[in-house]
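For reference, the structure discussed in these notes is given below.
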Amino acid sequence: MQEARPFFHRVESLRGIGAVMVAGWHVSGWGVNGVQLLPHLPWSEVSWLQNAIGRLELALLPGHAALMMFFVISGFVLRVSLQYGPQDVAHATIRFHLARVFRIYPVVMFSMLVAALAHDWQIPATGNQPVAPVSLSTFIANLLLLDVSLNTTLWAIQVELLMAPVIVALYFLERWQGAWALAAIAVATSVFSFAGGWTPWRPLSHNLFAFVLGMLVPTLGCKLLQALSSLAAHRLLFGVVFCLFLTGPALG
Numbered sequence: 569m570q571e572a573r574p575f576f577h578r579v580e581s582l583r584g585i586g587a588v589m590v591a592g593w594h595v596s597g598w599g600v601n602g603v604q605l606l607p608h609l610p611w612s613e614v615s616w617l618q619n620a621i622g623r624l625e626l627a628l629l630p631g632h633a634a635l636m637m638f639f640v641i642s643g644f645v646l647r648v649s650l651q652y653g654p655q656d657v658a659h660a661t662i663r664f665h666l667a668r669v670f671r672i673y674p675v676v677m678f679s680m681l682v683a684a685l686a687h688d689w690q691i692p693a694t695g696n697q698p699v700a701p702v703s704l705s706t707f708i709a710n711l712l713l714l715d716v717s718l719n720t721t722l723w724a725i726q727v728e729l730l731m732a733p734v735i736v737a738l739y740f741l742e743r744w745q746g747a748w749a750l751a752a753i754a755v756a757t758s759v760f761s762f763a764g765g766w767t768p769w770r771p772l773s774h775n776l777f778a779f780v781l782g783m784l785v786p787t788l789g790c791k792l793l794q795a796l797s798s799l800a801a802h803r804l805l806f807g808v809v810f811c812l813f814l815t816g817p818a819l820g
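If you read the sequence shown in our numbering, its first letter stands for residue 569, the second for the next number, and so on.
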């Protein structure tokens with residue numbers, strides 16, 4: 569009988585914290601009567617103290633860093649899912665992709681319907697694109713995640729969907745060549761992420777590395793932590809959390 573897949577309570581807790589951070593970051597751009605609640609640029613007509621409080625609030629909502637954390641967690645969880653599933657390539661691939669489809673698409677379709685109703689069947693204006701009516705083809709494309717014009721923040725779910733076959737391929741590559749082959753890919757994709765155009769879609773180019781790093785957690789990540797003392801592990805944790813909150817203010 570196959571061993572049951574473990575449930576990682578602390579990882580799920582991290583997902584919850586990350587969800588609050590990402591949601592807070594998006595809400596920070598909302599406005600009431602034309603005035604933003606928490607603008608990403610300093611206010612021009614308030615004191616330095618009010619601006620400092622606003623900057624602190626934004627620093628405590630590292631939305632992009634939290635999204636990277638989500639992608640790393642996805643790589644970790646999906647790799648473990650493959651590990652505790654069937655190990656022949658065909659069966660594992662079919663089972664994995666069916667699970668991803670039924671996990672992602674129902675909630676996406678519901679959210680796109682809600683977005684269409686909320687926007688009165690109009691595509692919201694973005695950049696130089698004015699408001700436009702939602703055609704049937706555009707609505708279907710949004711339901712299938714071929715387009716996210718009704719809710720542009722779902723580009724991250726598009727990345728998750730595109731990564732599904734990549735994760736399967738990397739998992740079986742790791743089984744064939746070992747974890748260090750995956751580590752080499754993690755280093756390469758981390759470097760390439762700064763280029764931005766090495767895959768056909770720029771968001772995938774920028775974010776693929778995070779999933780690969782997550783896939784290394786159950787193997788090389790565990791070995792690293794087991795080799796560290798308790799003090800060193802806590803220092804590493806502090807450094808990671810510090811970088812999580814500092815990256816945005818330091819690099820923009």
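Every residue gets a Cβ at the ideal spot worked out from N, C-alpha and C, and that includes glycine.
Give a yes or no on whether the C-beta atoms belonging to Gly631 and Trp593 are separated by under 8 Å. yes
Starting from the Cα of Val829, find the closest Cα among Val648, Ala572, Val716, Leu626 and give me that residue. Nothing in the structure corresponds to residue 829, since the chain is present only between 569 and 820.
What's the gap between the Cα of Glu742 and the Cα of Ser581? 28 Å
Taking all protein chains shown into account, do 16 or more other C-beta atoms lie within 10 angstroms of the C-beta of Val590, making it buried, or fewer, making it exposed? buried
Thr757, enclosing alpha helix (DSSP H) - first and last residue: 747-760
Whose C-beta lies closer than 7 Å to the C-beta of Ser717 among residues of the same chain, with five residues either side of it excluded? Ile691, Thr706, Asn710
Measure the alpha-carbon distance for Thr720 versus Glu571 and round it to whole angstroms. 40 Å
Give a yes or no on contact between the region 682-689 and the region 751-761, applying the rule of three or more CB pairs nearer than 8 Å. no
Cβ neighbours of Met569 in the same chain (closer than 8 Å, five flanking residues each side left out): At Met569, the pLDDT of 49 sits below 50, so the modelled position is not reliable; the number obtained from the coordinates is stated separately. If we look at Met569 and ignore the five residues flanking it on each side, it has no Cβ neighbours.
Report yes or no: do the region 603-612 and the region 695-705 share at least 3 C-beta pairs separated by less than 8 Å? no
Taking Asn775 as part of the alpha helix (DSSP H), name the residues at either end of that continuous run. 770-784
Return helix, strand or coil for Val599, following the three-state DSSP convention. It is Gly, not Val, that sits at residue 599 in the sequence shown. It is a strand residue.
Whose C-alpha, out of Ala667, Ser642, Ile641, is nearest the C-alpha of Gly653? Ala667
Which value, in whole angstroms, describes the spacing of the CA atoms of Gly764 and Met783? 21 Å
Classify Val676 as buried or exposed, calling it buried when 16 or more other Cβ atoms lie within 10 Å of its own Cβ. buried
Reduced DSSP secondary structure (H/G/I, E/B, other) of Pro610: coil
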